[in-house]
Structure formats: C-alpha cells, structure tokens
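A.B. asks:
In my numbering, the protein residues as written are 369 to 709.
1) With DSSP as the reference, label residue 695 as helix, strand or coil.
2) From which residue to which residue does the beta strand (DSSP E) around residue 510 run?
3) Looking at the structure shown, is residue 591 part of a helix, part of a strand, or coil, going by DSSP?
4) To which residues does DSSP link residue 571 through a beta bridge?
5) Which partner residues does residue 676 have in the DSSP bridge list?
6) Going by other Cβ atoms of all chains shown within 10 Å of its Cβ, with 16 needed for buried, is residue 565 buried or exposed?
7) Let me confirm a value: residue 518 is counted as buried when at least 16 other C-beta atoms fall within 10 Å, else exposed. Which label applies?
8) Using a Cβ-Cβ cutoff of less than 6 Å, which residues in the same chain neighbour residue 394 once the five nearest sequence positions on both sides are dropped?
9) So residue 501 is in the beta strand (DSSP E); what residue range does that whole segment cover?
10) Which term fits residue 523, buried or exposed, when burial requires 16 or more other beta carbons within 10 angstroms of its beta carbon?
11) Between residue 596 and the ligand FAD, is the CB less than 7 Å from at least one heavy atom?
12) Is it buried or exposed, residue 591, if we count other Cβ atoms within 10 angstroms and call 16 or more buried?
13) Secondary structure at residue 601, three-state DSSP: helix, strand or coil?
14) What did DSSP end up calling residue 492 once you bin it into helix, strand or coil?
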C-alpha cells in the first residue's frame, strides 16, 4: 500500500551533524537566497484579487455574475481569512437540540433539474431519515447525526432560510464529486434528499468528529498510531490525485479530516475541490483556508497543481505529530504577516 503514495511524501535524508550550519544567536539570521521575481500577495492585493475572480468563479459554477457578486465575495473573503483564535468548529461534546425553523419553500422542479443528471444510488426520502443530535454548522448547511435504514449517517442539510442559487450549485458540485469517490479513506457518499422543504447530503458518520477537535480532547496516542493517521491521509490524497480524472481537494486541513469509531481517518468536505480536465492542467482560482494554503496561492495570479494538497497535508502531519501542543499552522500570525513571512 505504501507504494501508492511513493513520490508524494519523499523526505530528504537528514544532514549529518558535521554538515549542520553553526547555531546563530541573537537577532542575526543566516543568509538565504531570495527570489526577487516572486511576488507575494498582500492583504490589499488579495482583496482586489478576490473581486477580480468573482466572474471566473461564477462561470465555473454556471452562475450569472450579476446578482451573485456580493454573496460570492463574502464567501471567498470568509474562506481566505486565517483563523483568529482557533477555528470555531463543532464538537461531538457540544450537542445542541434540533430546533424547528420556519422554512421557505424551494422550487422542487428547479432542484430536480439541477440534480437530474446525477447518477445516485436512489433519491432518499426525508421520511426515511431519523435526525439526531446537531454536530455543528459550516458554510451553507447544518450537520446532524442520524440514521438511514438502521445505518448511522451524517446529514448535511441546506439552510433554506438563507437559500441562494449559488448554495444549490455548490452543493450539487460537492455531491457530484462525492458520488465518484470509492476509497476507504474518503467519506462515503450515501445519497441525497431533495423535496420542497429539505435538501440534504447524506454520508457515512465518523463518530469521533474532526481531527482538529479530536486532538484537543483526546490524549496523544502512540507514535505508531500517529503514523497510521498520516498514512491514511496520504492514501486518500494519492487516490484523489492519481485517479482519472484527478481531483484536487484545495482545502485540506485538520478540520476536514474525520475520525471514525475504530480510529481510522477519512477525508471530507469537497466543496472547494476541482476535477482536473487534463493530468497536467494547472488551476488559477484562489480558494482554501489561508493557514493551510501553499505559498503559490499567495500570488496575484496563482497557477498551481495537486501539490497544493501535498503542502497542506504536510501541515496536517505537523499538527498530528505535535498533537495540537503547538496549535494550528501560523496560529500567532495575522494574514498580512503570513503573506510577508
């Protein structure tokens, strides 16, 4: 199995003690080569870049740019900001009661037209779902634990009171990616529920929640267990990149890595993912979470490949090995400081 990920995480052999440079004390720093031609993104130019890419993002999602600009702008700005005091994420310990909300009716024929080309295992009736505790909220949907025909599942339900066409198209994109994936380290897609009051993505339930929270409430396991976590993530990453057509996740982070009841790791949340039309194709859209972004995404005109996922995986591995003792990547840095580092 390790052969599948060969080449993705090859580490250079450590330098022998005699080859190590002398330790530099005080404010001095060793000389380093700086590529003056490489243009880093600043906070101001990033804001301008976000505005310029709105039309591109609309075209990618099949939306008219008029009427969606402000919604997309706020969505992109929110995803690009580094986490201020630690990501605000749902935990399985903080169980909230399921509150009934007044729902706006959704045009069922419109939804069916969006999802009619999807080759699902069969549309799920909302009456077949038993909704349990609320796991949390994120993006445009709320997530609940529940059961479907006796199987424990996670139910991501669109918040229809804040319904927008972009949300539906984004949800369809995530479903279309999930239904193609079959791997033990990728969250398994169960089905989708579409009716006049509910729009839900149903996936397998990972009972121990996301890795970010898990590391902060569970004692650090053995080194062997840490290696297994990283191995699972590497296998998922290798599967996404080597399948045809390949998929770039583009938002790999500990918040999007889930832990099952038997202590295995599964990658989740494909809302930002892109299917590569060609094996050597580069992408150019800003996305992801700044603290886990690769440096090539910090330029005014980014051009990147699946290696941005590899870089993000390296930061997740750093989190795993430190087991949150050092926080999350670049925790003490503001966005402008991070871009200039």
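We treat Cβ as the ideally placed atom computed from N, Cα and C, and that holds for glycine.
C.D. replies: Once the coordinates are examined:
1) Taking the chain shown and counting its residues from 1, one reaches residue 695 at position 327. Under the three-state reduction of DSSP, residue 695 is assigned to coil, being neither helix nor strand.
2) Sequence index remark: in the chain shown, residue 510 carries index 142 (1-based). It spans 509-516 - the beta strand (DSSP E) in which residue 510 sits, taken as one unbroken run.
3) Position 223 of the chain shown, counting from 1, holds the residue named residue 591. Reduced to three states, the DSSP call for residue 591 is helix.
4) Taking the chain shown and counting its residues from 1, the one referred to as residue 571 is at position 203. Within the DSSP bridge table, the entry for residue 571 names 522, 557 as partners.
5) As a first step, residue 676 is located in the chain shown; it is residue number 308 there, counting from the start. According to DSSP, residue 676 bridges with nothing at all.
6) As a first step, residue 565 is located in the chain shown; it is residue number 197 there, counting from the start. When all chains shown are included, residue 565 counts as exposed.
7) In the chain shown, residue 518 corresponds to position 150, counting from 1. Its Cβ having fewer than 16 others within 10 Å, residue 518 is exposed.
8) For the purposes of this step, residue 394 is identified with residue 26 of the chain shown, where counting begins at 1. Note that residue 394 has pLDDT 44, beneath the 50 cutoff, so the model's placement of it is unreliable and no number is given.
9) Your numbering for residue 501 matches position 133 in the chain shown. Note, residue 501: beta strand (DSSP E), 497-506.
10) By one-based count along the chain shown, residue 523 stands at place 155. The residue in question, residue 523, is buried, as its Cβ has 16 or more Cβ neighbours within 10 Å.
11) Questions concerning the ligand FAD fall outside what the structure shown contains, since it holds no ligand whatsoever.
12) As a first step, residue 591 must be located in the chain shown, where it is residue number 223. Exposed, by the Cβ-count rule.
13) Position 233 of the chain shown holds residue 601. Look at residue 601 here: in three-state DSSP terms it is helix.
14) Here residue 492 refers to the residue found at position 124 when the chain shown is read from its first residue. Coil, per DSSP.
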